[in-house]
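Participant:
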Amino acid sequence: MKFKPIFFLLFLSPLPSWAQFSVSGYIYDAKDKESLPSATIQDTTSKNGVSSNSYGFFSINVNAEIVILRFSYVGYESKILRVDARSNELLEIVLEEKITEMEDVIVSAERSEVKDEVQSTQMSSIRFKPVELKRIPSFAGESDILKIAQLMPGITQGNEGSTGMYVRGGTDDQNLILLDEAVVYNVGHLLGFFSVFNSDALKDIELMKGAFPAKYGGRLSSVMDIRMNEGSMERWNVKGGIGLLTSRFTIDGPIINNKMSFMLAARRTYIDKVLQLAGSNLPYYFYDINGKMNYKLSKRDRIYLSAYLGSDVLYANGESETDEGIDSFGLGFDLGNLTTSLRWNHVYESGKLFSNVSFHQTNFNYSIFGNTSDNSLTIESTIQDYGFKADWEWFPITNHRVYFGLGLVKHQFQPNVLNTSGEINEFIASKAGPQLQSDEYHFHTSHEWDLGSLIKLNYGVRFSGAFVNTHYYGLEPRFSARYSLSSNHSLKIGFSTMRQYMHRVSSGSFALPTDLWYPVTGNVKPQTANQLSLGYFGASPKSIYSWSIEVFSKTMNDLIDYREGASLIFNDNFEKELLTGSGKSEGIEFFVRKHEGIISGWLSYTLAKTDRYFPELNKGNRFPDRFDRRHNFSAVAMIELAPNIITSFTWVYMSGTKITAQTGQYLMPNPSLTGIDLVPIYSSKNGVTLAPSHRLDINLIIKGRARAWGQGEWSFSIYNFYNAASPFRVSIGQNGNALAYQQHGLFGFIPSISYNFNFSSK
Amino acid sequence: MKLTRFLFMILLFYQCELIEVPLEVEPAEDKMSLSSLLIGEEGVLVSVSKSFSALSGTSLAQIRENPIDALFVSRGNIQFQSNGNTILGEKFNDVPGFYFADFSDYSLGDSLEISVYDSVSTQQISARTKIMPSVNIDSIRFRYVAENTFLDTLKLFLTDPDTTQINYFVVHIYRSSSFLNILNNSDSLLVQSDSLLQIESIFSDIGIDSTLITRSYTIEKNPSNDTLIAVLSHIEEGYFRFLDARKRNEDGGGGIFNEPINFPSNVENGYGYFSAHNPVYKIAIRE
Chain P
1 MKFKPIFFLL FLSPLPSWAQ FSVSGYIYDA KDKESLPSAT IQDTTSKNGV
51 SSNSYGFFSI NVNAEIVILR FSYVGYESKI LRVDARSNEL LEIVLEEKIT
101 EMEDVIVSAE RSEVKDEVQS TQMSSIRFKP VELKRIPSFA GESDILKIAQ
151 LMPGITQGNE GSTGMYVRGG TDDQNLILLD EAVVYNVGHL LGFFSVFNSD
201 ALKDIELMKG AFPAKYGGRL SSVMDIRMNE GSMERWNVKG GIGLLTSRFT
251 IDGPIINNKM SFMLAARRTY IDKVLQLAGS NLPYYFYDIN GKMNYKLSKR
301 DRIYLSAYLG SDVLYANGES ETDEGIDSFG LGFDLGNLTT SLRWNHVYES
351 GKLFSNVSFH QTNFNYSIFG NTSDNSLTIE STIQDYGFKA DWEWFPITNH
401 RVYFGLGLVK HQFQPNVLNT SGEINEFIAS KAGPQLQSDE YHFHTSHEWD
451 LGSLIKLNYG VRFSGAFVNT HYYGLEPRFS ARYSLSSNHS LKIGFSTMRQ
501 YMHRVSSGSF ALPTDLWYPV TGNVKPQTAN QLSLGYFGAS PKSIYSWSIE
551 VFSKTMNDLI DYREGASLIF NDNFEKELLT GSGKSEGIEF FVRKHEGIIS
601 GWLSYTLAKT DRYFPELNKG NRFPDRFDRR HNFSAVAMIE LAPNIITSFT
651 WVYMSGTKIT AQTGQYLMPN PSLTGIDLVP IYSSKNGVTL APSHRLDINL
701 IIKGRARAWG QGEWSFSIYN FYNAASPFRV SIGQNGNALA YQQHGLFGFI
751 PSISYNFNFS SK
Chain W
1 MKLTRFLFMI LLFYQCELIE VPLEVEPAED KMSLSSLLIG EEGVLVSVSK
51 SFSALSGTSL AQIRENPIDA LFVSRGNIQF QSNGNTILGE KFNDVPGFYF
101 ADFSDYSLGD SLEISVYDSV STQQISARTK IMPSVNIDSI RFRYVAENTF
151 LDTLKLFLTD PDTTQINYFV VHIYRSSSFL NILNNSDSLL VQSDSLLQIE
201 SIFSDIGIDS TLITRSYTIE KNPSNDTLIA VLSHIEEGYF RFLDARKRNE
251 DGGGGIFNEP INFPSNVENG YGYFSAHNPV YKIAIRE
């Protein structure tokens with residue numbers, strides 16, 4: 001199918017022809033000159049408004065030569081400026097941080113920003129700032145953006161404590177997670193109990209569950225676009241934290257004042273050291289390093305270089321007695337991500353066209369090894385991505401915004417490379433493993449059109465494809481619209497088609513280091529999803545409260561599942577184990593937030609149903625998805641007890657996950673006639689529902705006084721305050737004198753303490 | 001230092017015992033289960049057992065503590081039908097749950113049906129299977145690899161009985177000749193414990209273009225004069241699927257990292273698999 005440029009040009013009609021001026025520029029934080037994404041810029045006369053993009057760039061079309069513009073952003077003092085629109089100069093607007101008793105509120109909360117959310121066409125979307133997330137109680141005291149996301153409507157937690165996200169009935173590998181535009185494949189440390197994201201290094205996170213803008217694709221269920229801090233252009237900042245399990249340190253500052261800055265953040269856990277102190281031995285640790293450089297080439301050009309390096313490392317060694325004497329041994333694993341991205345922003349002369357060109361690279365690899373003095377075995381797998389992306393935003397005239405762009409990613413997979421030496425080589429021969437390659441590409445275009453005070457449209461299309469040993473491609477239409485009931489209430493509708501050209505092969509219930517991503521093949525087609533969502537959005541007159549009700553329906557095709565008893569670990573022939581089928585998910589989501597005040601927070605409730613159909617599973621009958629949790633409720637509250645004391649609570653309630661449980665058994669002679677088999681009988685697939693999970697987490701923050709060197713705060717948190725088990729699997733075990741089904745939880749009451757600090761040069 | 005350690009342990013790892021939550025699971029319907037082996041053309045040996053609760057035990061050792069009548073059907077009425085003949089099954093050497101029918105006086109057709117009635121539970125099950133023609137092992141021999149210290153390779157050759165359709169097989173390779181007792185001595189029910197099972201393998205002729213099927217197996221090397229016996233059965237597809245499910249279950253099915261497997265069955269109102277196949281064997285001696 002040929003991509004026809006004329007199709008793109010149709011987006012431009014109808015366009016009125018009266019003369020207009022354009023005011024464009026960047027909007028920054030006054031102290032550090034960090035850009036402010038999604039800031040609001042409003043023409044106070046016409047009431048037209050726009051938002052800054054993720055780089056802090058804005059462009060607003062006005063009809064008058066002299067205009068009064070209002071600039072606002074959450075937590076900052078608004079600024080009103082008289083601007084000469086005839087000048088073609090790029091503005092640089094700086095906003096001062098607001099000093100309030102409660103300096104952080106949750107999730108995009110300035111009044112104009114709340115109204116913007118109600119009036120935009122974007123729905124099924126959540127934006128949050130990591131600096132605010134630290135107030136929310138966290139697992140083992142480690143603030144985690146993925147676990148925070150699980151408290152939002154439509155997002156189901158996987159197993160307890162894990163970072164897995166199951167969004168509107170999708171699976172965990174259907175989430176696209178971008179860190180400064182580079183894809184992150186493995187987002188969990190320690191089997192997924194901690195995410196790889198150090199919140200000190202992050203600036204802005206947007207999570208989309210539906211109504212996806214055309215520039216995003218490649219996964220069916222969600223997009224999490226994470227931006228790192230850029231580093232202050234004017235002063236040095238140092239912050240960090242020391243906790244029982246991890247410590248963090250971040251430094252940022254100017255390399256050339258107002259021209260070039262950097263940010264460097266590092267985090268390491270010392271579980272190994274702490275356990276050593278407690279008399280145990282588990283030589284495991286993980287670390288993350290985030291780095292970014294930001295260079296202002298000119299007023300119209302900026303260069304960003306970002307990198308992330310993280311790893312999970314286990315290495316145990318020792319000696320053992322054998323018949324031949326003492327033999328040394330070593331075993332362990334090393335798995336990690338390396339992502340880099342180089343981006344160039346350019347504002348064209350007219351001020352109406354903005355481009356972002358980026359080159360990105362992702363490397364995910366793991367290595368599992370074991371050795372003795374005579375033998376060694378190593379298993380390695382690697383995914384390597386090299387990508388290029390170019391996106392443009394065009395602001396031709398008032399009420400119209402056009403986006404277009406393209407991208408190409410080369411994926412190289414080398415799974416299960418096995419190297420053996422010594423006598424073991426006779427039993428397990430070395431092998432290179434398959435080498436797979438997939439070239440994925442896309443083109444996208446969309447048009448945002450404000451028809452007036454009532455209706456706003458955003459429609460577009462993405463055309464994507466992948467070259468493997470065959471060529472897959474398809475159109476992904478996107479559409480969303482807003483009908484304004486009043487300035488504080490709106491109805492929205494969104495539709496999107498998504499295509500996914502790779503999938504993760506997982507063994508059963510747990511995410512493992514050995515889980516690998518594979519591309520589509522001649523036999524395994526791309527997964528597709530169509531999703532329709534409708535919603536009502538509202539805010540109170542002063543925008544202290546906002547709320548939304550959304551219903552969604554999502555159908556998924558060519559989904560992947562595995563034959564019963566599939567063995568996937570180190571199995572290069574896993575394709576034989578794959579089955580394809582379909583899925584359907586429907587639900588309704590309720591969300592209420594209080595943005596300001598001594599008490600702030602939110603309530604979130606989702607009622608949803610998700611099932612699957614695979615002809616070769618469950619005797620061809622539909623069955624519920626494993627994480628089909630019918631009810632999902634979260635309550636988050638932050639309470640300012642005193643100017644320097646904040647306490648917060650999180651209470652979650654989720655219906656139980658679904659499992660396939662053993663319901664009977666029988667004896668029969670085995671086919672070799674060497675004994676008797678005990679043959680299990682199981683329920684229908686995912687036919688048993690575990691008990692609901694519920695949990696209360698508490699956090700207390702006590703801020704120290706501001707001192708010459710900076711400021712510190714103590715944070716005390718308790719995970720699972722009343723020690724309830726959140727069942728994640730069932731086994732049959734002894735209960736008194738009889739056997740009984742036992743539902744196993746993972747984590748009980750876990751207290752933690754940490755000390756956080758920050759200081760800045762003047 | 002001890003105090004520090006104590007405090008760290010308290011702070012880090014203090015967890016009250018989690019408040020466990022009971023779970024009610026609807027038990028599987030109690031039914032009979034069936035398995036079978038055709039002994040040459042002389043007859044068929046079947047075992048008829050009963051399904052029971054998953055909470056009766058999780059290992060054979062625990063299960064054995066239950067009364068035998070709770071595990072096996074010891075008073076079953078067994079009938080076989082083939083080619084218009086009806087043959088009654090009899091208890092096999094008074095072993096509970098095992099029945100034997102002598103076919104030596106009958107001419108069997110292509111298929112064999114069985115019906116079982118348990119007078120205690122008044123349940124009835126039935127099944128039908130195709131009688132698969134036996135396929136001979138053309139030859140079996142060791143392949144010597146000088147540099148191998150620990151392993152031997154055994155190669156098995158057979159002729160594809162019908163290249164116009166897919167054929168399925170199961171092979172068992174035992175070490176020592178005591179396995180022959182099961183075939184030569186009808187009093188012997190199970191292979192003797194000194195007949196070590198080396199290989200259990202299922203395979204088909206999918207993807208094999210020639211009439212010659214070759215299978216290679218790696219086995220642990222033994223000192224010279226090693227005797228191995230390969231027992232090959234030509235089986236129907238349904239039984240192949242059953243054995244495949246069994247192997248997957250052995251490899252960890254139902255464990256924490258693998259999906260549970262419900263074994264397929266051709267038994268109406270019951271579990272297990274009724275299969276009629278004629279095993280043939282060949283001996284290989286490594287000197």
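Sequence lines, in order, name chains P and W.
Taken in order, the first sequence gives residues 1 to 762; the numbers are from the working numbering.
Taken in order, the second sequence gives residues 1 to 287; the numbers are from the working numbering.
Backbone N, C-alpha and C define an ideal beta-carbon position, used for all residues, glycine too.
#1: Could you check whether S125(P) and I136(P) sit closer than 9 Å to each other, using their CB atoms as the reference points?
#2: Starting from I145(P), follow the alpha helix (DSSP H) in both directions and report where the run begins and ends.
#3: Please state the DSSP three-state secondary structure of D515(P).
#4: If you drop the 5 nearest sequence neighbours on each side, which residues of the same chain put their C-beta closer than 6 Å to that of N294(P)?
#5: Are the C-beta of A101(W) and some C-beta of chain B separated by less than 9 Å?
#6: Go ahead and label P130(P) buried or exposed: buried means 16 or more other beta carbons lie within 10 angstroms of its beta carbon, across all protein chains shown.
#7: Does the beta carbon of R286(W) sit closer than 9 Å to a beta carbon anywhere in chain P?
#8: Are the Cβ atoms of K259(P) and M233(P) separated by less than 9 Å?
#9: To the nearest angstrom, report how far apart P643(P) and A529(P) are at their CA atoms.
#10: On a CA-only basis, which of V73(W), G89(W), N85(W) is nearest Q79(W)? Give me that one, please.
#11: Assuming E324(P) is part of the alpha helix (DSSP H), what are its boundary residues?
#12: For a test of the three-state rule: what should DSSP assign to F359(P), helix, strand or coil?
#13: Taking DSSP as the reference, what is the three-state secondary structure of V114(P)?
#14: Could you name the residues of the same chain whose beta carbon sits closer than 6 Å to that of L207(P), not counting the 5 residues immediately before and after it, in chain order?
#15: Going along chain P in order, which residues have a C-beta closer than 7 Å to the C-beta of L60(W)?
#16: By DSSP, does D439(P) sit in helix, in strand, or in coil?
#17: Within the same chain, show all residues whose beta-carbon is closer than 7 Å to that of G272(W), passing over the 5 residues directly before and after it, in chain order.
#18: Secondary structure at K134(P), three-state DSSP: helix, strand or coil?
#19: Does DSSP put L277(P) in a helix, a strand or coil?
#20: By the criterion of Cβ-Cβ separation under 9 Å, what are the contact partners of T660(P) in chain W?
#21: Using the beta-carbon count (16 or more within 10 Å), is E236(W) buried or exposed?
#22: At which residue ranges does the region 417-481 of chain P contain complete alpha helix (DSSP H) runs of 4 or more residues, listed in the order of the chain?
#23: Determine the chain W residues that contact T663(P) at a beta-carbon separation under 8 Å, and present them in chain order.
#24: Taking the alpha-carbon of G336(P) as reference, which of K215(P), F364(P), S604(P), I27(P) has the nearest alpha-carbon?
#25: Taking A539(P) as the query, report the chain W residues whose CB atoms sit under 9 Å from its CB, ordered along the chain.
#26: Determine, using beta carbons only, whether V742(P) comes closer than 9 Å to chain W.
#27: What's the gap between the Cα of V468(P) and the Cα of D439(P)?
#28: Under 9 Å between the Cβ atoms of V161(P) and F747(P)?
#29: Do the region 199-207 of chain W and the region 126-136 of chain W make contact, defined as three or more Cβ pairs closer than 8 Å?
#30: Is the CB of I681(P) under 9 Å away from at least one CB in chain W?
#31: Hey, L275(P) and A140(P): beta-carbon distance below 9 Å or not?
#32: How big is the Cα-Cα spacing for I283(W) and V196(P)?
#33: If you check the beta carbons only, do N159(P) and G192(P) fall under 9 Å apart?
#34: With distances taken between CB atoms, is the gap from P27(W) to G664(P) smaller than 9 Å?
#35: Rounded to whole angstroms, what's the CA-CA distance from R563(P) to T660(P)? Just pull it up for me.
#36: Using CA atoms only, rank isn't needed, just tell me which of M668(P), V730(P), L700(P), N356(P) is closest to L60(W).
Facilitator: Answer, in terms of the structure:
#1: no
#2: 145-149
#3: coil
#4: E230, G231, S261, Y304
#5: Here the protein chains are P and W, and chain B is not one of them.
#6: buried
#7: no
#8: yes
#9: 48 Å
#10: G89(W)
#11: From DSSP, E324(P) is part of no alpha helix (DSSP H); its letter is neither H nor E.
#12: strand
#13: helix
#14: I126, A149, M224
#15: I676, L678
#16: strand
#17: S33, L34, S35, S265
#18: coil
#19: helix
#20: G254, E259, P260, N262
#21: buried
#22: 424-427
#23: V25, E26, P27, A28, A54
#24: F364(P)
#25: By Cβ distance, chain W contributes nothing, its closest Cβ being about 40 Å from A539(P), past 9 Å.
#26: Looking at the sequence provided, one finds Gln at residue 742(P) rather than Val. Interface residue, yes.
#27: 7 Å
#28: For the sequence presented, residue 161(P) should be read as Gly rather than Val. It is a contact, given that the beta carbons lie within the stated cut-off.
#29: no
#30: yes
#31: no
#32: 58 Å
#33: yes
#34: yes
#35: 14 Å
#36: M668(P)
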